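Asks: Please find one structure pasted underneath; my questions will follow.
Residue numbers (the numbering used here): 35 to 168.
Spelled out as structure tokens, the structure:
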């Protein structure tokens with residue numbers, strides 16, 4: 035999305051969708067994505083980095099999400115990218131470099147559920163989410 039025309043189009047479409055949702059009185063939580071590593075297999079990095087793995091691409095996407103959230107009072111973000119970066123086991127969490135496994139998704143959910151509740155509370159919205167059962 036380093037093409038300004040594409041960036042603007044993606045921003046327009048996402049803003050349109052978010053505005054349709056918030057117009058119904060629903061708050062929106064956008065999740066900031068961690069960089070990906072395409073070509074990782076079973077936690078092992080590829081011998082050569084793939085162009086789609088350029089961290090700048092995900093940084094631009096996250097910037098777009100933050101811009102949308104910053105301009106709307108009932109839209110916020112959750113920093114999944116920061117959470118994954120704070121861990122030392124990304125290869126275990128996302129063995130293919132992109133997706134969580136069924137097991138690790140539950141681990142991440144233990145952080146994500148309460149984090150979503152926290153950011154919604156900052157918007158003045160209370161939720162029943164306090165703990166994820168395994």
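Idealized CB from N, CA, C, for every residue including glycine. Bear in mind that the values here come from a model prediction, so they are computed numbers and not experimental data.
(1) Tell me, to the nearest whole angstrom, how far the beta carbon of residue 127 is from that of residue 65; I am working on the premise that it is less than 8 Å.
(2) Measure the C-alpha to C-alpha separation of residue 73 and residue 117 and round it to an integer number of angstroms.
(3) Closest by CA to residue 141, which one among 48, 42 and 123?
(4) Count the other CB atoms, across all protein chains shown, that sit within 10 Å of the CB of residue 59; report buried if there are 16 or more and exposed otherwise.
(5) Is residue 110 closer than 8 Å to residue 63 when the C-beta atoms are compared?
(6) Spell out the partners DSSP gives residue 64 in its beta bridges.
Replies: With the given structure in hand:
(1) With a Cβ gap of about 15 Å, residue 127 and residue 65 do not count as contacting.
(2) When rounded, the distance between both Cα atoms is 22 Å.
(3) Selected option, being the one with the closest Cα: 123.
(4) Residue environment for residue 59: exposed (fewer than 16 other C-beta atoms within 10 angstroms of its C-beta).
(5) A Cβ-Cβ contact shorter than 8 Å links residue 63 with residue 110.
(6) DSSP, once it has assigned bridges, lists 111 as partnering residue 64.
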